[in-house]
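Following: one structure in structure tokens, then a few remarks.
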Amino acid sequence: MTIWKIAKTEYWKLKRYSILWAGVALMLLSVLLTLFTSTANDGMVWTFPVLIEQVIKNNMTTIFPMCIALISGYIIAREQKDDTLKNILTIPVPFKKLLAGKLLICGLISLFLGIVCTIFTILAELFVAFPGFSMGAAVQGLAQITLLNLFLYISVLPIIILTSRSANGFLAGVVIALVYGYGGMFAAGNIKLANLYPITASLGMIHYRSYEVHWNIPLCCLSMAVMLAISIVMIASMHNNIGPKKPSKSKAKPKATLKKGW
-14 MTIWKIAKTE YWKLKRYSIL WAGVALMLLS VLLTLFTSTA NDGMVWTFPV LIEQVIKNNM
46 TTIFPMCIAL ISGYIIAREQ KDDTLKNILT IPVPFKKLLA GKLLICGLIS LFLGIVCTIF
106 TILAELFVAF PGFSMGAAVQ GLAQITLLNL FLYISVLPII ILTSRSANGF LAGVVIALVY
166 GYGGMFAAGN IKLANLYPIT ASLGMIHYRS YEVHWNIPLC CLSMAVMLAI SIVMIASMHN
226 NIGPKKPSKS KAKPKATLKK GW
């Protein structure tokens, strides 16, 4: 079975996964959180491009790394939780190939959630009527938010793979991804660190606020390439199959010799 067939199978399984709606809800939360911050009287002049920028910022730091780690971990660990993984591996399907197919579909989910987030952002713009809305700005926002989600997914991919071997390990991955994403707020304060830190390097890849931030695009690309290479090595180094551990045969204890006589 090829990786593409596994990914296609996972696509059909998505209809049964309510976890995908959690991702849609988190994208809505990102937009609502941005609208809430727009009510602060801090002197910022809000326009539609500013709204897009703030949604991107909230996605990067607080929402999407945790969101995609949760969804990916759930999809990967589903067979282990339902105790159906051992049946799948008898086909036989190497676990690394099964994992690669699941990760591929999770990458497509990242793009899908980027589109969903853009739709929510445009609906919010229609509600609050910030100045500066245009089709060009909407298309640019769609490209930036969608690509950002994909690059953020690549940034947290090693965390997802590392915690994929345990049925409940993805919950720890969610916490790590949340802290990892929040660290982007501190990395953004130093442009050299921002180009190297994968979370903030994602911003450079989409030219976030390039009118005032001078990104080192080759360095940002290198950061993404390193995370992708680490993920590939982690998958390649996995054992082909996983399953319940066989009980170890304990050595029989030698019988105590009976003493002669009384």
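When we follow this note's numbering, the leftmost residue of the sequence shown carries the number -14, and every step to the right adds one. Where a beta carbon is used, it is the ideal one built from N, C-alpha and C, also for glycine.
(1) Below 6 Å CB to CB, which residues in the same chain sit around Y59 once its five sequence neighbours on both sides are set aside?
(2) Classify N43 as helix, strand or coil using the three-state DSSP reduction.
(3) So does the segment 160 to 169 actually touch the segment 35 to 47, counting three or more Cβ pairs closer than 8 Å?
(4) Please report the straight-line C-alpha distance between L207 and L142, rounded to a whole angstrom.
(5) Taking the C-alpha atoms as reference points, what is the distance between V113 and V16?
(6) Around the Cβ of T19, are there at least 16 other Cβ atoms within 10 angstroms (buried) or fewer (exposed)?
(7) Rounded to whole angstroms, what is the Cα-Cα separation between H192 and E38?
(8) Can you give the beta carbon distance from I90 to Y(-4), rounded, assuming they're within the 8 Å contact cut?
(9) Curious, which full-length alpha helix (DSSP H) runs of at least 4 residues does the segment 99 to 151 contain?
(10) Please state whether the Cβ-Cβ distance between V159 and L55 is less than 8 Å.
(11) Grouping DSSP H, G and I as helix and E and B as strand, with all else coil, what is G168?
Reading off the structure:
(1) Closer than 6 Å at Cβ, skipping near neighbours: I4.
(2) Under the three-state reduction of DSSP, N43 is assigned to helix.
(3) Look at the beta carbons and you see the segment 160 to 169 touching the segment 35 to 47: at least three pairs across the two are nearer than 8 Å.
(4) Roughly 15 Å separates the two Cα atoms.
(5) Roughly 12 Å between the two C-alpha positions.
(6) The residue is buried, with at least 16 neighbouring Cβ atoms inside 10 Å.
(7) Rounded to whole angstroms, H192 and E38 show a C-alpha spacing of 11 Å.
(8) Going by Cβ atoms, the distance from I90 to Y(-4) rounds to 6 Å, so yes, they are a contact pair.
(9) Fully enclosed alpha helix (DSSP H) runs of 4 or longer: 120 to 147.
(10) Cβ atoms of V159 and L55: closer than 8 Å.
(11) It is helical.
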